[in-house]
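Participant: Every letter in the sequence shown is one number past the one before it in numbering that gives the first Met the number 0, and letter 140, counting from 1, is 139.
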Amino acid sequence: MNLLEKMFGVQDTARRISLSAAEAFAAIAVAAIAADGYLSNEERHRIVEVLFQVDLFQGYSEQRLAELLEKLFNLLSIRGIDQLVAIARESLPHQLQETAFTVAVDLVLVDGELSPKEKSFLVRLWNIMDIPVETASQILDLKIEEYDAVEVANQS
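#1: Could one say the Cβ of Asn40 lies closer than 7 Å to chain B's Cβ atoms, at least one of them?
#2: Secondary structure at Glu112, three-state DSSP: helix, strand or coil?
#3: Going by C-alpha distance, which of Ile143, Gly79, Glu61, Gln96 is nearest Asp105?
#4: Under a three-way DSSP split, which group does Arg15 fall into?
#5: Compare the Cα-Cα distances from Asp110 to each of Ala30, Met128, Leu38 and report the closest residue.
#6: Identify, in the order they occur along the chain, each residue of the same chain with its Cβ nearer than 8 Å to the Cβ of Val49, setting aside the five sequence neighbours on each side.
#7: Is Ile130 near the ligand COA, judged by its Cβ being under 6 Å from some heavy atom?
#8: Assuming Ala85 and Leu18 make a contact with CB atoms under 8 Å, what is their CB distance in whole Å?
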């Protein structure tokens with residue numbers, strides 16, 4: 000039993016799920032928009048927009064991405080957010096972890112707020128991904144500044 004299995008109860012090897020790198024990356028994004036327990040239309044739109052900007056999804060059609068997201072939302076409803084993240088983490092290449100965390104930060108901030116549940120999710124995520132606290136803080140600060148700048152521009 001590895002550390003993730005101990006922490007998140009992903010022990011059922013007969014029902015173990017393996018994801019491709021793209022699926023694992025998208026699973027982190029799905030977990031991020033589900034972190035506060037609400038799924039807004041803005042979040043649904045933004046996840047598609049953000050994933051299409053990532054090289055992993057360049058060959059994806061809108062329909063293929065929609066099917067992938069539907070699969071991951073179903074997995075989320077069956078396994079829960081913590082197990083979805085644990086499953087994704089096992090399949091996500093190390094070189095994509097910081098990018099996945101950056102996308103997760105972007106998605107939790109899409110509504111302009113960082114709820115306590117979203118903050119807790121991000122803390123758990125950067126710990127699971129072994130991202131140094133300084134790096135995670137820099138990413139969070141940068142994304143908050145970006146959203147603040149967009150909000151100010153929209154009010155002008």
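Cβ coordinates follow ideal geometry from the N, Cα and C atoms, glycine included.
Predicted model only: the values in this text are computed from it and were never measured.
Facilitator: In terms of the structure at hand:
#1: Given the protein chain composition of this structure (a single chain), no chain B is represented.
#2: On the sequence shown, position 113 is the one that residue 112 refers to. DSSP places Glu112 in coil when its eight states are reduced to three.
#3: The residue given as residue 105 occupies position 106 in the sequence shown. Here the closest residue by C-alpha is Ile143.
#4: Here the question's residue 15 lines up with position 16 in the sequence shown. Correct three-state label for Arg15: coil.
#5: Position 111 of the sequence shown, counting from 1, holds the residue named residue 110. The shortest Cα separation from Asp110 among Ala30, Met128, Leu38 belongs to Leu38.
#6: Residue mapping note: residue 49 aligns to position 50 of the sequence shown, counting from 1. These residues qualify, in order along the chain: Ala28, Val102, Asp105, Leu106.
#7: Absent from the structure shown: the ligand COA. Ligands present: none.
#8: Position 86 of the sequence shown, counted from the first residue, corresponds to residue 85. Position 19 of the sequence shown, counted from the first residue, corresponds to residue 18. 11 Å between Cβ atoms; not a contact.
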